[in-house]
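Protein chains: 2
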Amino acid sequence: MQVAVVQYNPHIGHLQANAEQIIATSVFCRARGADLVVFPELALCGYPPLDLLELEGFVDLCVQWAKTIARETPGVQIIFGLPLRNPQPFGKSMLNGACRTADGTIQQFWAKSLLPDYDVFDEGRYFAPAPPNFNQLWLQGEARIAVTICEDLWNHSLDNLYGHDPLEDEIFQKADWVLNLAASPYHMGKEALRKSVLSEMSRRLHKPLLYVNSCGAQAELVFDGACACFDANGNRMGFLPSFESGITHLQWANGTWILGEGWLIGEDVVTAVKSKLGVTRFQSGDSGDSELELELLRRALVLGIRDFFYKQKLEKAVVGLSGGIDSALVSVLAAEAIGSDQVTAILLPSPYSSAHSVGDSVEFARRLGVCCLNLPIHSAFFAQKKSLQEVFGRNLGDLTEQNLQSRIRCALLMAAASELGAVLLNTSNKSEMSVGYSTLYGDTSGALSVLGDLFKTRVYRLARHINRSGPIIPEQIIEKAPSAELKPGQADSDDLPPYLLLDAILELYVEKKYAPDRIIGLGFDDHLVHKIIRMVDSCEFKRFQSPPILRVTEKAFGRGRVMPLVGKAPY
Amino acid sequence: MQVAVVQYNPHIGHLQANAEQIIATSVFCRARGADLVVFPELALCGYPPLDLLELEGFVDLCVQWAKTIARETPGVQIIFGLPLRNPQPFGKSMLNGACRTADGTIQQFWAKSLLPDYDVFDEGRYFAPAPPNFNQLWLQGEARIAVTICEDLWNHSLDNLYGHDPLEDEIFQKADWVLNLAASPYHMGKEALRKSVLSEMSRRLHKPLLYVNSCGAQAELVFDGACACFDANGNRMGFLPSFESGITHLQWANGTWILGEGWLIGEDVVTAVKSKLGVTRFQSGDSGDSELELELLRRALVLGIRDFFYKQKLEKAVVGLSGGIDSALVSVLAAEAIGSDQVTAILLPSPYSSAHSVGDSVEFARRLGVCCLNLPIHSAFFAQKKSLQEVFGRNLGDLTEQNLQSRIRCALLMAAASELGAVLLNTSNKSEMSVGYSTLYGDTSGALSVLGDLFKTRVYRLARHINRSGPIIPEQIIEKAPSAELKPGQADSDDLPPYLLLDAILELYVEKKYAPDRIIGLGFDDHLVHKIIRMVDSCEFKRFQSPPILRVTEKAFGRGRVMPLVGKAPY
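As given, the protein sequences belong to chains A and B, one line each in that order. End of the first sequence = 594 in our numbering, gap-free, step of one. End of the second sequence = 594 in our numbering, gap-free, step of one.
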């Protein structure tokens, strides 16, 4: 059997566009000899559809489109994910399902048994688990194929989170091979984790496995694809490049996979991707991120920006260039994602901006090939300061003045974006967002936060990684001491511990959720740990109003981390 | 048995404060003769604790505090909710539990079986259902008491959402009466819904029922309390006033309740509350909201503001007074919540503000007794406009200029708040938020959105209701045609359909989630319905960055309505 694997990038909710693409792709694959075309989990409606699922008629529309797909592609079999009605008279009204079309009709349905409900996942909000005996083997000629959906393969790896393992069902024991449709988003290290989980599952089941994952970004979540096939001994026989949509073929014959063109080969993603990308330096630095991880990270962020723009029919971006590393890095990534001619860098010098900040920024914009505008904030700042001083009859506080500058920049950036028909990209990093070293409605603003899941030390590492393929970010931008430049001679180190130390503690508290005592037990200063935790806990209100953040770690701010606003951590 | 019912207002995550309050309250009740003191669901950690639950050691800390409570209150029995470890080796690691302390130790545990996972609820994210046989009757002398938690009584009313009904367990059949600990938030109409559900449950079980609900606001969610007791025939024998924390006693004797002081009596909440509040006009107007509903709404909003401030140790608020009804209403509610001496009204007239806007606002602030500052935005507006015009070499677009004014106001309001040690209250209403008739980082800003769940027509109704007890809001503010006053002669009706029509369609689409065809089928204009739906769907990005909104309907913007940002509704 010839199988076409589609590393597919759906548009959430756009049923017509997705259905038409499923039809066109399948017809194309049929012409190339495919017997079966496979799309990922919820390919028809996109993942995650969230509360679109609750709109009246949404699921029925999905099923209607599935019938249309079947009707338009009589000569080929297609498997794709879609929401289904729960046929049981109790429980949530929907299933996270999949169907197989052939001969002009829908032939078979399946549904997901294990519904993830943690971090960014909330499938329990919408879906009931697959009803008993709902999932049946697909008998394809001599072959018996078990169709599973994403999490159904993960119970064992999640510490028995679900209490039962659908793969222990009798029908799975009888399968010749297992198909898994997934919508599994990227985070750093996910590729290795996923490979290890899938490899173990195919080994435990002693079945070959074909894994078909979504590709593309849906606001915060970036899906990396990386479809893969495994033999019955858990060896990964081939996989597809991360972050690239496309169609690849393979053949099931004589109980094994025969790979077509386009598969990457090798046990080791590093070696395989190395040869494909032509990157030569993949050793892990003293930094903790390997060059490969940084390259995947760059691609994730670029795809995250690109899909955010294209899926919303946006074309142009503005970035406020401060002369610091964050805004420079965002500009580079934006230029790569949507083209340097679509990016406008805006300098907004204040009375406290250093001369080299302006000079460095102009030089940087020249190298990057982006248009650069200069919008000094002096006159607006003095006008507003004067109005306020008159009303209050005194000089303004230090913090008031600093925040005022940041908010004037926001107003000017948004006005420039409006004049240019562009949207503003946010340049905050995860360290600032963690401790609230930011101005709400000032530098926290923007349509999309590109670096909001990268601690400052990782921002540096990514900038250096990018500069390895050509010195795009001037060295003086990378080398200068970080500063908000909101008062004379200001430096981040006046208010914050060194980023190396700050980020280490933040990673333990925010990402790993360690209790303070455990962090202190690792050798960090008691007073500093408690101070940082207090800072993190006390600025929940700023993060509540933050833009969507491209998620690149296991624990990003946003929907995957929901904290009470008027709560108090019990430490 | 003397039972003290505590309509309790916990502080989320503040285990020490909550535990100390549980101890002090119980000791007090004991002195007044109570044998048993009952607190609501998750009283020890507050509801909803959200991802605080995932912090390392959180659940263990809760259990330690429960032991302390037991030790400190040997002379009285206490029942209260707290998270527990799931003793099973699979599933989520926690239970939504409750315990009974007596004689210095914890005597018995219970756990919730039905875990709500819809709208603002996401208990499936954290909790496993009660394990089999975990919940046992409490044998108190001759009495057999079944302890249940909130949703456990609701399966029948939720269209068999859970597929099984814990109350069908044998132990419940043997109970003499049923206790239900709840954390059930207010929305308009909830009181009647809850009464009907609980009444039906006690009738079906043929058991008397005691319902103990949380009281107090936790950012978006306002818990109204309204504890109640029912006889075995489903008659509500008494209930406690909404939105008021407190302790009330009743006695279980000879198979029935004997009510102590403080209970409101009567089948009809309208009659009962009428006599208590001294409000005389409770008939439903042509508006659709009765005066009773409006009075409960006012109390919900006042408590929402008050707890937001007090629980975060905030004292002062600023409100930008536009001369319109929204900001006037927010000021009235804020003054009631935290005191008029803690509220500063700030006028920010622009070149396009009407003279009467300023005059009306000054008169209004005088009536309300709040401090009033005047911060004209002219000079800042012209300074920023000039900078932008120089860079772009042309006049700015209409929308750019309007948004610029709104953002300058935001910057000035935030600066004033900073100088006053106050926080900004947001004044957007649900109609504006629905269709995006607002400026991001402008009038969408603020620490808390007071009216974000009230359509404009309801804002009017609430303002008139409040004015009935004294004309606090000048009639000309209520009567004037709504306008953003961002350009000469502007009126909302230039850009939007009349609010009566707009709100009717928004309610059907946003709150009831009707498909467009069904709305059109009700007699609304096809073109208008589609236009409004497009407006709603296209401004998800603004709502994503909105402040927390006090939830007063069944479907508020915020965590209870999560839409894909790059999605497209399939209509």
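No residue lacks a Cβ here, since even glycine has one placed at the ideal position from N, Cα and C.
Presumed contact (8 Å Cβ cut-off) between residue i and residue j, rounded CB distance
| i | j | result |
| --- | --- | --- |
| Leu67(A) | Leu107(A) | With a Cβ gap of about 11 Å, Leu67(A) and Leu107(A) do not count as contacting. |
| Val245(A) | Gly362(A) | 19 Å between Cβ atoms; not a contact. |
| Arg15(A) | Lys197(A) | Because chain A here runs from 24 to 594, residue 15(A) falls outside it and cannot be looked at. |
| Phe567(A) | Leu588(A) | 6 Å |
| Val29(A) | Val61(A) | 6 Å |
Reduced DSSP category for residue i - H, G, I as helix; E, B as strand; rest coil
| i | result |
| --- | --- |
| Thr294(A) | The predicted position of Thr294(A) is uncertain, since its pLDDT is 49 and thus under 50; no value can be drawn from it. |
| Met260(B) | strand |
| Gln30(A) | strand |
| Leu176(A) | helix |
| Arg230(B) | In the sequence under discussion, the amino acid at residue 230(B) is Lys, which differs from the Arg named in the question. Here Lys230(B) sits in coil by DSSP. |
| Gly343(A) | strand |
| Gly544(A) | helix |
| Gly164(B) | coil |
| Val575(B) | coil |
| His37(A) | coil |
| Gly590(B) | coil |
| Val302(A) | Because the pLDDT of Val302(A) is 42, which lies under 50, any placement of that residue in the model is unreliable, and the question is left without a value. |
| Asp309(B) | Bear in mind that a pLDDT of 44 at Asp309(B), under 50, signals an unreliable position, so the number given afterwards is only what the model happens to contain. If DSSP states are grouped into helix, strand and coil, Asp309(B) belongs with coil. |
| Ile102(B) | strand |
| Asn183(B) | coil |
| Asp247(B) | strand |
| Met24(A) | coil |
| Met211(B) | coil |
Partner residues on chain A for residue i, Cβ-Cβ distance less than 9 Å
| i | result |
| --- | --- |
| His34(B) | Val589, Gly590, Lys591 |
| Tyr241(B) | The amino acid occupying residue 241(B) in the given sequence is Gln; Tyr does not appear at that position. Going along chain A in sequence order, the residues near Gln241(B) (Cβ under 9 Å) are Pro587, Leu588, Val589, Gly590. |
Cα-Cα separation, residue i to residue j
| i | j | result |
| --- | --- | --- |
| Val26(B) | Asp312(B) | 36 Å |
| Pro520(A) | Val533(A) | 17 Å |
| Pro505(B) | Ile92(B) | 55 Å |
| Ser307(B) | Phe113(B) | Unreliable positioning characterises Ser307(B) in this predicted model, as indicated by a pLDDT of 39, which lies under 50. A coordinate reading is not provided. |
| Leu447(B) | Glu316(B) | 27 Å |
| Leu84(B) | Ser373(B) | 54 Å |
| Gly583(A) | Val575(A) | 12 Å |
| Tyr464(A) | Arg481(A) | 25 Å |
| Arg123(A) | Phe103(A) | 7 Å |
| Val143(A) | Pro593(B) | 23 Å |
| Val82(A) | Arg94(A) | 19 Å |
| Gln365(B) | Asp466(B) | 21 Å |
| Pro154(B) | Pro189(A) | 20 Å |
| Arg304(A) | His488(A) | Low confidence applies here, because Arg304(A) scores a pLDDT of 39, under 50, leaving its location unreliable and the question unanswered by this model. |
| Cys173(A) | Leu204(A) | 6 Å |
| Tyr185(B) | Ala538(B) | 26 Å |
Under 7 Å by beta carbon: chain B residues contacting residue i
| i | result |
| --- | --- |
| Arg584(A) | Asp74 |
| Ser402(A) | Ala406, Ser410 |
| Asn183(A) | Pro112, Phe113 |
| Arg123(A) | In chain order: nothing, as chain B lies at least about 23 Å away. |
8 Å Cβ cut-off: residues of chain A touching residue i
| i | result |
| --- | --- |
| Thr423(B) | Ala438, Ser441, Glu442 |
| Pro399(B) | Ser410 |
| Val414(B) | Leu396, Asn397, Leu398, Ala439 |
| Gly475(B) | Here the premise fails: no neighbours, minimum Cβ distance about 13 Å. |
Interface residues of chain B facing residue i [CB-CB closer than 9 Å]
| i | result |
| --- | --- |
| Lys603(A) | Nothing can be reported for residue 603(A), as the shown portion of chain A is limited to 24 through 594. |
| His553(A) | Ordered by position in chain B, no residue passes the 9 Å Cβ test against His553(A), which lies about 14 Å from the chain. |
| Asp603(A) | Examination of residue 603(A) is not possible in this model, given that chain A is present from 24 through 594 alone. |
Beta-carbon neighbours of residue i, restricted to chain A and to distances below 7 Å
| i | result |
| --- | --- |
| Tyr141(B) | Arg148 |
| Tyr464(B) | Cys433, Met437, Tyr464, Ser468 |
Per-residue contacts from residue i into chain B (C-beta, under 8 Å)
| i | result |
| --- | --- |
| His37(A) | Gly590, Lys591, Pro593 |
Residues within the stretch 306-334 of chain B neighbouring chain A, beta-carbon criterion of under 8 Å: The stretch 306-334 of chain B vs chain A, Cβ under 8 Å: Asp330, Phe331, Lys334.
Positions along the stretch 190-213 of chain B whose CB lies within less than 9 Å of some CB in chain A: Within the stretch 190-213 of chain B, no residue has a Cβ that lies closer than 9 Å to any Cβ of chain A.
Contact list for the stretch 553-583 of chain B against chain A, Cβ threshold 8 Å: Within the stretch 553-583 of chain B, the residues whose Cβ lies closer than 8 Å to some Cβ of chain A are Phe564, Phe567, Gln568, Ser569, Pro570, Pro571, Arg582, listed in chain order.
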